[in-house]
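Peer 1:
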Amino acid sequence: MKLIRAIIRPESTQHVIDALEKNGIYAMTRMNVTGRGKEMGITRGTVRYNEIPKEMLMMAVPEADAGKTIAAIEKAARTGTRDTRNEGNAGDGKIFVTDLAESYTIRTGARENGAGQV
Amino acid sequence: MREIIAVIRTDATEATKDALESIGVKGITFSSVIGRGRQRGTIRTPDPEGTLRRDIGVSIMKQRNIIPDTDDPRYHVPVQKEIELGFLPKKMLTIVADDQDIPGIVETLIRVNRSGQHGDGKIFICPLTETVRIRTGERGSRALS
Numbered sequence: 003m004k005l006i007r008a009i010i011r012p013e014s015t016q017h018v019i020d021a022l023e024k025n026g027i028y029a030m031t032r033m034n035v036t037g038r039g040k041e042m043g044i045t046r047g048t049v050r051y052n053e054i055p056k057e058m059l060m061m062a063v064p065e066a067d068a069g070k071t072i073a074a075i076e077k078a079a080r081t082g083t084r085d086t087r088n089e090g091n092a093g094d095g096k097i098f099v100t101d102l103a104e105s106y107t108i109r110t111g112a113r114e115n116g117a118g119q120v
Numbered sequence: 003m004r005e006i007i008a009v010i011r012t013d014a015t016e017a018t019k020d021a022l023e024s025i026g027v028k029g030i031t032f033s034s035v036i037g038r039g040r041q042r043g044t045i046r047t048p049d050p051e052g053t054l055r056r057d058i059g060v061s062i063m064k065q066r067n068i069i070p071d072t073d074d075p076r077y078h079v080p081v082q083k084e085i086e087l088g089f090l091p092k093k094m095l096t097i098v099a100d101d102q103d104i105p106g107i108v109e110t111l112i113r114v115n116r117s118g119q120h121g122d123g124k125i126f127i128c129p130l131t132e133t134v135r136i137r138t139g140e141r142g143s144r145a146l147s
């Protein structure tokens, strides 16, 4: 199983959730975070904002579904695919994928075997 | 070393803290998050406005003349209403621990947070390669103790 953490623009959150639902992925955790990338934030006039509000989505998926999950997030979170902006802008976000050694459902106490959706 | 990420009910946070403290887990990071599971944030609750539904088996008992009257309220159960709330507030705990401590922590988290209802949460365990105590620069397991 894989743990996918995606840091995306807050305004693209709903598009990403819709795209994940189309792929059968409903279970996820959301949190508000702030961050910056290699551009070191943004400069507007003389003011520098070095921490920009972002939304982080966290979900656990079977190894077989990781590819389509990443592709769905990538497509939905990239700017310019739904609006008139140039496609792909700094600040669209990042997707991090880590191995998941074990995963448990607290309700049943059962260890997930990675076959179904977590 | 492993990283435990547990998403639990917000009202179970204090009990979880106490239980983890009693097994010697001191360092925990808490975050307020929102989340949903496979049920997409659906909760079941008695519907006060719904009409009472006859219990399963009442009609069979009536047919066999075991009970005379199926309208008797004693044989009724309240209607359950399903409400889809979407993302619900949850608490996320992050704990870093040595491999041998993981089973005990997982067992404690399940024991304290398990109510048997949907929404009890999930526990994720990820491999972790390095930990650094910033104050002293200690690495690995020494940074945890």
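Those sequence lines, one after another, are chains A and B. When the letters of the first sequence are read in order and numbered with our numbering, they come out as residues 3 to 120. When the letters of the second sequence are read in order and numbered with our numbering, they come out as residues 3 to 147. Think of the CB as a built atom: it goes at the ideal place given N, C-alpha and C, for glycine as much as any other residue. Because the structure is a prediction, the values reported are computed rather than measured.
Which residues in the same chain have their Cβ closer than 8 Å to the Cβ of A:Lys-96, if we skip the five residues on either side of it in sequence?
Peer 2: The answer, listed in chain order, is Ala-8, Ile-9, Gly-39.
Peer 1: With a threshold of 8 Å between beta-carbons, can A:Ala-103 be considered close to chain B, or not?
Peer 2: It does: the Cβ of A:Ala-103 has a partner Cβ on chain B nearer than 8 Å.
Peer 1: Note down the Cα distance separating A:Ile-54 from A:Met-42, rounded to an integer number of angstroms.
Peer 2: The alpha-carbon atoms of A:Ile-54 and A:Met-42 are separated by roughly 10 Å.
Peer 1: Suppose you measure from the CA of A:Ser-122 to the CA of A:Ile-44; what does that come to, to the nearest Å?
Peer 2: With chain A covering only 3 through 120, there is no way to say anything about residue 122 of chain A.
Peer 1: For the region 3-29 of chain A, which residues have a CB atom closer than 7 Å to at least one CB atom of chain B, in sequence order?
Peer 2: If the cut-off is 7 Å between Cβ atoms, the region 3-29 of chain A has Leu-5, Tyr-28, Ala-29 near chain B.
Peer 1: By the criterion of Cβ-Cβ separation under 8 Å, what are the contact partners of A:Gly-111 in chain B?
Peer 2: Here the neighbours are Ile-112, Arg-116.
Peer 1: By how many angstroms is the C-alpha of A:Ala-112 removed from the C-alpha of A:Met-58?
Peer 2: Near 27 Å, if we compare the C-alpha coordinates of A:Ala-112 and A:Met-58.
Peer 1: Across the region 8-22 of chain B and the region 105-119 of chain B, are there enough close Cβ pairs to call them in contact, namely three or more that are closer than 8 Å?
Peer 2: Touching, per the Cβ criterion.
Peer 1: Should the region 20-33 of chain B be regarded as contacting the region 93-102 of chain B, the criterion being three or more beta carbon pairs within less than 8 Å?
Peer 2: The region 20-33 of chain B vs the region 93-102 of chain B: in contact.
Peer 1: Contact check, B:Gly-157 vs B:Ile-25 under 8 Å by CB: the rounded distance?
Peer 2: Absent from the model: residue 157 of chain B. The displayed extent of chain B is 3 to 147, so no value can be given.
Peer 1: Quick check on DSSP: helix, strand or coil for B:Ser-143?
Peer 2: If DSSP states are grouped into helix, strand and coil, B:Ser-143 belongs with the helices.
Peer 1: Shorter than 8 Å from the beta carbon of B:Pro-129 to some beta carbon of chain A?
Peer 2: Closer than 8 Å to some Cβ of chain A, the Cβ of B:Pro-129 qualifies, so yes.
Peer 1: Starting from the C-beta of A:Val-99, find all residues in its chain whose C-beta is less than 6 Å away, skip the five residues before and the five after it, and write them out in chain order.
Peer 2: Excluding sequence neighbours, A:Val-99 sits near Lys-4, Ile-6.
Peer 1: Please check if any C-beta of chain A sits within less than 8 Å of the C-beta of B:Ile-2.
Peer 2: Outside the modelled stretch of chain B, which goes from 3 to 147, sits residue 2 of chain B, for which no answer is possible.
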